[in-house]
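Numbered according to my numbering, the sequence shown spans residues 4 to 221. Think of the CB as a built atom: it goes at the ideal place given N, C-alpha and C, for glycine as much as any other residue. Taking it in order: structure first as structure tokens, then the write-up.
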Amino acid sequence: MSGWAERAAATLLPLSRAITLGAALREWAYTGRFFDLEARDGTCELCGQQDLRYHFEIENPGTTSILLVGSECIKRFEITGVDEQGQHLDADGTGKLVDLHRRGLVEDARKQRVMTALLKLGQKVPNFDAWNFIDFVDDKGAFTPSQVAMIFWRMGSAGVEYRPTDWKVRMRRDSDLRQLRTMKPAAFKRVVAALTPAQQSRVAEIEANFAENGQSWR
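Structure (structure tokens):
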């Protein structure tokens, strides 16, 4: 038995009816409840892994015991669960559900960081309508390149810390690309830092196509 399995058995068996780890694991199920600790200070109560930000709840209905664990333990030990419609899932389906819930937690945390940065900017710059942009985050999800360039410039000037990759930049329309193309170099550099790898590759491809024709995209 591996080290993590030994640690899991030491935790799980006293809370289960079965006397072997494999049988005990079949008693447990993912409840669909999950939590953002807002800091990497959590510990998996099943295997002991530390520095977790997100907890996922598993329960043994027979003993009414509950453990808060990491998402990887649910998949590693093939713990099953039920979906939002109450349908029983196999281990693979439960793993996909846990991944879905984890992505939701990560996305919620990203949005919260964006909103917090906007509120801080509004406090430091009275004429900046933070709530208008916060509503925009909830409604649209992504900002235009010009909006990102302006917000990043203002936050930099006001000393507000932010993560460029937290900010989603819209690049679906020709007008979005035109905004990028006509930006001053400093603004362009700030916005590119917020683009996804796929978006950065798209910009590089456009620039390369123009260069092949002896033209400069910017």
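Practice task
Determine contact between the stretch 79 to 99 and the stretch 123 to 132, defined as no fewer than three beta-carbon pairs at a distance below 8 Å.
Solution key: no
Exercise for the section: Starting from the Cα of lysine 78, find the closest Cα among Lys171, Cys50, Arg43, Ala207 and give me that residue. Expected result: Cys50
Practice task
Pull up the distance between the alpha-carbon of arginine 29 and that of leucine 40, whole angstroms please.
Solution key: 27 Å
Exercise for the section: Take every Cβ of the stretch 82 to 90, pair it with every Cβ of the stretch 15 to 26, and state whether three or more of those distances are shorter than 8 Å. Expected result: no
Handout entry: Euclidean distance between Cα positions of valine 109 and glycine 84
Key = 21 Å
Exercise for the section: Look up glutamate 60 in the DSSP assignment and say whether it is helix, strand or coil. Expected result: strand
Problem - Bridge partners - serine 68, DSSP secondary structure assignment - result: Asn63
Problem - Closest by C-alpha distance to arginine 173, when choosing among Glu215, Phe146, Met186 - result: Phe146
Exercise for the section: Could you check what DSSP says for leucine 198 in three-state terms: helix, strand or coil? Expected result: coil
Problem - Three-way DSSP call (helix, strand, coil) for threonine 147 in this model - result: coil
Handout entry: Reduced DSSP secondary structure (H/G/I, E/B, other) of glycine 184
Key = In the sequence under discussion, the amino acid at residue 184 is arginine, which differs from the glycine named in the question. It is helical.
Exercise for the section: Could you have a look at leucine 108 and say whether DSSP puts it in helix, strand or coil? Expected result: helix
Exercise for the section: Closer than 7 Å by C-beta to cysteine 47: which residues in its own chain qualify, once you throw out the five before and the five after it? Chain order, please. Expected result: Leu55, Val72, Gly73, Cys76
Practice task
Please state whether DSSP places valine 85 in a helix, a strand or coil.
Solution key: strand
Exercise for the section: Check the DSSP bridge columns for phenylalanine 37 and list the partner residues they point to. Expected result: Phe59
Handout entry: Buried versus exposed call for glutamine 53 [16 or more other C-beta atoms within 10 Å across all chains shown]
Key = exposed
Practice task
Please confirm if glutamine 115 has its CB atom under 8 Å from at least one CB of chain C.
Solution key: No chain C appears in the structure shown, which is made up of a single protein chain.
Practice task
Inspect the beta-carbon positions of alanine 152 and arginine 193 and report whether they are closer than 8 Å.
Solution key: yes
Exercise for the section: Take threonine 168 and list the residues in its own chain whose beta-carbon comes closer than 7 Å to its own, dropping the five residues that flank it on each side. Expected result: Ala197
Handout entry: Where valine 172 falls: helix, strand or coil (DSSP)
Key = strand
Exercise for the section: Note down the Cα distance separating alanine 11 from aspartate 111, rounded to an integer number of angstroms. Expected result: 30 Å
Practice task
Taking 8 Å as the cut-off, decide whether the C-beta atoms of glutamate 62 and alanine 27 are in contact.
Solution key: no
Problem - Range of the contiguous alpha helix (DSSP H) that encloses phenylalanine 136 - result: 133 to 142
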